[in-house]
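**Q**
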Amino acid sequence: MTVVAYVSIGVLLAAVALTLFRILRPGELEDRAVALDVLTSVIICGVLVWAAADESGTFLDVALALAVVGFLSAVTIARFIERGSE
Amino acid sequence: MIALVDEVLDVASAILLIAGATLALVASIGLLRLGDPRSRMHAATKPATLGVVMCGTGAILQFDAWSPITKLLAVIALQLITVPVGAHALAHAITERENDEG
């Protein structure tokens, strides 16, 4: 199980690196919002893998909070794109 | 018999966890490779959500108490509900702006 966790975490770290590269690269606002959404999902995946390897439910609250809050950024940025800062 | 069931669940959970992580990687590769905003949104939302669902299912197979299983089910349900809503809002905003420009 530990090997599986390390492999998964490695793959997820690669995903985080690519997504961060996409966020930091100059581009449109909505692309960055989408990339931030993906980053949230990838972090949730990492927390779930960690919890599975640990077999303790301690970290699951983190995943729960991220799942609740994660989409607010996308919706907020969408409103901003539609209406500007008025 | 119980040892065998444990073994099978462990293998299934390992496969699900690695598949979920790979799907997350696919989502981030799609963000970099695809050409226009809507394709990137397609790459971002579907594989990433399925990745979370697979990681969550893999994690559920590791637990035998109800408390963590309920939390994991809540995470999966929330992700399945909120990601389409966020993607829809962004796509709507992009369409509105294109209409204003054109």
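One line per chain: the protein sequences are A and B, in this order.
In terms of the working numbering, the first sequence opens at residue 7 and continues consecutively.
In terms of the working numbering, the second sequence opens at residue 59 and continues consecutively.
Even glycine gets a Cβ: it sits at the ideal position worked out from N, Cα and C.
(1) Leaving out five residues before and five after Asp37 (chain A) in sequence, what residues of the same chain have Cβ atoms less than 8 Å from its Cβ?
(2) Which residues, taken in chain order from the region 73-107 of chain B, show a beta carbon closer than 8 Å to some beta carbon of chain A?
(3) Would you grab the beta carbon distance between Ala69 (chain A) and Val44 (chain A) for me? Rounded to a whole angstrom, and I think it's under 8 Å.
(4) Leaving out five residues before and five after Val84 (chain B) in sequence, what residues of the same chain have Cβ atoms less than 7 Å from its Cβ?
(5) Tell me the rounded alpha-carbon separation between Val10 (chain A) and Leu75 (chain B).
(6) Can you tell which of B:Asp122, B:His150, B:Ile87 has its C-alpha closest to the C-alpha of Asp64 (chain B)?
(7) Please report the Cβ distance between Gly109 (chain B) and Val133 (chain B), rounded to the nearest whole angstrom; I am assuming they are in contact, meaning their Cβ atoms lie under 8 Å.
(8) If you draw a straight line from the C-alpha of Ala70 (chain B) to the C-alpha of Val143 (chain B), how long is it?
(9) Figure out for me which residue from A:Gly63, A:Ile83, A:Ile87 has the closest Cα to the Cα of Leu131 (chain B).
(10) So for Gln120 (chain B), helix, strand or coil by DSSP?
(11) So is Pro32 (chain A) buried or exposed if we call it buried at 16+ other beta carbons inside 10 Å?
(12) Counting only beta-carbon atoms, is Ile152 (chain B) nearer than 8 Å to chain A?
(13) Find out if the Cβ-Cβ distance for the pair Val40 (chain A), Ala102 (chain B) is shorter than 8 Å.
(14) So, is Leu78 (chain A) buried or exposed, given that buried needs 16 or more other C-beta atoms within 10 angstroms?
(15) Please list the partners that Leu30 (chain A) has in chain B, where partner means a Cβ-to-Cβ separation under 8 Å.
(16) In whole angstroms, give me the CA-to-CA distance for Ile73 (chain B) and Asp60 (chain A).
**A** Well, looking at it:
(1) Result list for Asp37 (chain A): Arg28, in chain order.
(2) Per Cβ criterion, the list reads Leu75, Ile76, Gly78, Ala79, Thr80, Ala82, Leu83, Ala85, Ser86, Ile87, Leu89, Leu90, Pro95, Arg98, Met99, Ala102, Thr103, Ala106, Thr107.
(3) Distance from Ala69 (chain A) to Val44 (chain A) at the Cβ level is roughly 16 Å; contact not present, criterion being Cβ atoms closer than 8 Å.
(4) Non-local C-beta neighbours of Val84 (chain B) in its own chain, meaning closer than 7 Å and more than five positions away in sequence, comprise Pro105, ordered along the chain.
(5) If I take the Cα positions, the gap works out to 8 Å.
(6) Residue B:Asp122 holds the alpha-carbon nearest to the alpha-carbon of Asp64 (chain B) among B:Asp122, B:His150, B:Ile87.
(7) The pair is not a contact, with the Cβ atoms about 12 Å apart (cut-off 8 Å).
(8) Ala70 (chain B) and Val143 (chain B) have their C-alpha atoms roughly 31 Å apart.
(9) That would be A:Gly63, whose Cα lies nearest to the Cα of Leu131 (chain B).
(10) DSSP places Gln120 (chain B) in coil when its eight states are reduced to three.
(11) Exposed is the call here.
(12) For Ile152 (chain B), the answer is yes, since a Cβ of chain A falls inside 8 Å of its Cβ.
(13) Yes, Cβ-Cβ distance for Val40 (chain A) and Ala102 (chain B) is below 8 Å.
(14) Result: exposed.
(15) Correct list: empty, because the minimum Cβ distance to chain B is about 12 Å.
(16) Straight-line Cα distance between these residues: approximately 17 Å.
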